[in-house]
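Residue numbers (the UniProt record's numbering): 1 to 325.
In structure tokens form, the structure reads like this:
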């Protein structure tokens, strides 16, 4: 005896599908936001793009060209002397005091304090040392690169120049390239480098700081024009080469987070009790392994996909199916 079931049209739970789509889109947006806040891992960093390499090559060539132009006492050096003879500070004496304070505020110390405060807040938010490590690595690269050129050239500034038309190199100075300008480019450039949602604003701030501080040093007569041009190029080179040091930064971040979870967190819990829980969250898992800078409770876990069977008839559509024998 064979039994045949009556074929019924298959129903689809439209409301359930819509709710699943909405939940999926919200989850994707939340994961994207979490990805922006999490410190990057080694697997997330890609090699330098072609555009990045071209920009680095162009900036390096420009930097080398400026150095050669200064050593060869070219027309750029003559332009330096023309600007120095013109004495811009005598044409606009009303802004002398303001620009003098502005340059002091733009030096590495004051600027680094302001930027470090923001980076410290970002490190606390992401439970990662990466923002502060990026600033530290960039300043080390800046000191090594710019400091080597300063010592190698030994150029004197406009106020200490001896011979008109001379390039004033190998005279024991330390004016070339401009440290004020390079520091402004790198310090504020790190803000744009680490920004996620306001990257264009950070880039504009870095560009304005570098351009304005460099021009102000020329106005005050503390630097030649070629010093400022070389400072812009030197600072840009540090920012362009910084992505190559991301594996080192990531490794140091993981070790510091592991050290915090294994050494500092138990000590804080022992000393502060419940009050130390706020400072012990994040930076490592229970077994001492690093969790990428976030605690397990803060991480968003992707739920396993639930198979959907559209052939299943919803509860309100269940009917008695006659059997024909």
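No residue lacks a Cβ here, since even glycine has one placed at the ideal position from N, Cα and C.
Minimum Cα-Cα distance from residue 185 among the listed residues 216, 232, 167 corresponds to 232.
In the structure shown, the three-state DSSP call for residue 143 is helix. By the Cβ neighbour-count rule, residue 63 is buried, with 16 or more other Cβ atoms within 10 Å of its own. The region 104-115 and the region 194-201 do not touch, with fewer than three beta-carbon pairs separated by less than 8 angstroms. Residue environment analysis places residue 153 among the buried positions, since at least 16 neighbouring C-beta atoms fall within 10 angstroms of its C-beta. Between residue 228 and residue 166, the C-beta gap is not smaller than 9 angstroms, which leaves the two residues out of contact. For the pair of segments examined, the region 52-69 was found not to touch the region 137-145: the number of CB pairs separated by less than 8 angstroms stays below three. A direct Cα-to-Cα measurement between residue 87 and residue 225 gives close to 12 angstroms. In this structure the region 155-174 touches the region 69-83; the number of beta carbon pairs closer than 8 angstroms is three or more. In terms of Cβ geometry, residue 115 and residue 188 form a close pair [threshold 9 angstroms]. Our two residues, residue 210 and residue 204, have alpha carbons roughly 10 angstroms apart in a direct line. Judged by beta-carbon spacing, residue 175 lies beyond the 9 angstroms limit of residue 216, meaning their Cβ atoms are not closer than that value.
Between the C-alpha atoms of residue 49 and residue 219 there is a straight-line separation of about 38 angstroms.
For the set 112, 142, 96, 132, the Cα lying nearest the Cα of residue 182 is the one of 142.
At least 9 angstroms separates the beta-carbon of residue 134 from that of residue 67.
Pairing residue 111 with residue 99, the inter-Cα distance amounts to about 15 angstroms. Considering only 126, 95, 69, 235, the residue with the shortest C-alpha distance to residue 147 is 235. Under the three-state reduction of DSSP, residue 174 is assigned to coil, being neither helix nor strand. Judged by DSSP in its simplified three-state form, residue 53 adopts helix. In the displayed model, residue 164 falls within coil according to three-state DSSP, outside both helix and strand.
Counting of Cβ neighbours within 10 angstroms places residue 155 among the buried residues, the total reaching 16 or more.
The Cβ atoms of residue 207 and residue 191 do not sit closer than 9 angstroms to each other. DSSP places residue 251 inside the alpha helix (DSSP H), whose first and last residues are 246-259. Apart from sequence neighbours up to five positions away, the residues of its chain that approach residue 162 with a beta-carbon distance below 8 angstroms are 156, 168, 171, ordered along the chain. By the 16-neighbour rule on beta-carbons within 10 angstroms, residue 261 is buried.
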